[in-house]
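Take a look at the structure below.
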Amino acid sequence: MQTQRRDIFLTQRLAGRRAIITGAASGIGLATAHLFAKEGAQVLAVDLPGDRLDAAFEGSTIRTHGQSVTDADAPDQILQAARTHLGGVDILFNNAGIATNSLVERTSDEDWDRTLDVNLRAMFRLTRAAIPDLKASAAGRVINTASVMAEGSGMGLAAYSASKSGVQGFTRALAIELGKFGVTANWVLPGAIRTGMTQGIWDQRPEIADIWAQKAVLRRLGEPDDIAKVALFLASDDAGFITGQGLCVDGGLSLRVGG
Numbered sequence: 303m304q305t306q307r308r309d310i311f312l313t314q315r316l317a318g319r320r321a322i323i324t325g326a327a328s329g330i331g332l333a334t335a336h337l338f339a340k341e342g343a344q345v346l347a348v349d350l351p352g353d354r355l356d357a358a359f360e361g362s363t364i365r366t367h368g369q370s371v372t373d374a375d376a377p378d379q380i381l382q383a384a385r386t387h388l389g390g391v392d393i394l395f396n397n398a399g400i401a402t403n404s405l406v407e408r409t410s411d412e413d414w415d416r417t418l419d420v421n422l423r424a425m426f427r428l429t430r431a432a433i434p435d436l437k438a439s440a441a442g443r444v445i446n447t448a449s450v451m452a453e454g455s456g457m458g459l460a461a462y463s464a465s466k467s468g469v470q471g472f473t474r475a476l477a478i479e480l481g482k483f484g485v486t487a488n489w490v491l492p493g494a495i496r497t498g499m500t501q502g503i504w505d506q507r508p509e510i511a512d513i514w515a516q517k518a519v520l521r522r523l524g525e526p527d528d529i530a531k532v533a534l535f536l537a538s539d540d541a542g543f544i545t546g547q548g549l550c551v552d553g554g555l556s557l558r559v560g561g
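Numbering (the numbering used here), first residue to last: 303 to 561.
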């Protein structure tokens, strides 16, 4: 039976807010950037430079900044762009990430370091740079993308799971440190979502997509806007008394992931 889905009702919940979103040229980041903008936020979309980033936001009011989040000067450059174009930062959505698939005994130092660098170290460095702006905000928000693989794992996912588990620990500590300034810090744990990270594999082997869809209690794969709506909630005043928490958005996948 096909599950009916309803479009989100726009309420301008982020009117006057300023948001940085990394990994914004596709998938979850792209959906979130457009949703935040529709809800009234000024948005700086950050991703690798190139035509994909430019095309993703052509004709929109969303500002773009093309740079790898792992660049040595990325935090300073991204914050400077946000201050120049938006006037500051109220919401930081650390969403940039990569996946690697390699058994531990075959994982090189370079692959391990690259995964941790993109998924965790870059998040730490950008967040650290944004803290003064977030403290100055009347409603500072940090939202980080983890994964259901932060609490589970699978063959070949050691580096990925380690990085996403690190996201959880980092965000918990951040929530404790920033709470007295009224800044919240939470993370999202996506399940099997149709993004650039997964779609190529699923296109080549549709049976894998079918398996993940059947494992989910809601019997479907997730879409980027499923995560974007949760990010919107966490960024809004509705979540003003929620901090240091992870929201699992997986259609019930983790209830039976071993089944």
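The beta carbon of each residue, even a glycine, is placed where N, CA and C say it ideally should be.
Since the model is a prediction, treat every value here as computed from it, not as a measurement.
Cβ contact annotation for Asn446 (same chain, cutoff 7 angstroms, sequence separation greater than five): Asn396, Met425, Val469, Thr473, Trp489, in chain order. The DSSP assignment places 411 to 418 as complete runs of the alpha helix (DSSP H) inside the segment 386 to 420, in order along the chain (cut-off: 4 residues). With distances taken between CA atoms, Asp419 lies nearest to Ser370 out of Ala440, Asp392, Ala475, Ser370. Rounded to whole angstroms, Ala494 and Ala511 show a C-alpha spacing of 8 angstroms.
Around the beta carbon of Ser410, fewer than 16 other beta carbons lie within 10 angstroms, which makes this residue exposed. Checking the DSSP bridge columns, you'll see Val532 has no partner listed. By the CB criterion at 8 angstroms, Ile323 and Val345 fall inside the cutoff. Nearest in C-alpha terms to Ile529, of all of Ala515, Cys550, Thr545, is Cys550. For Thr473, the enclosing alpha helix (DSSP H) stretches over residues 460 to 480.
Annotated three-state conformation of Val485 is coil, per DSSP. Within its own chain, the residues whose Cβ lies closer than 8 angstroms to the Cβ of Ile478, once the five positions on either side in sequence are excluded, are Gly546, listed in chain order.
Judged by DSSP in its simplified three-state form, Gly498 adopts helix. Here the segment 359 to 376 makes contact with the segment 334 to 348; the two share three or more CB pairs at distances below 8 angstroms.
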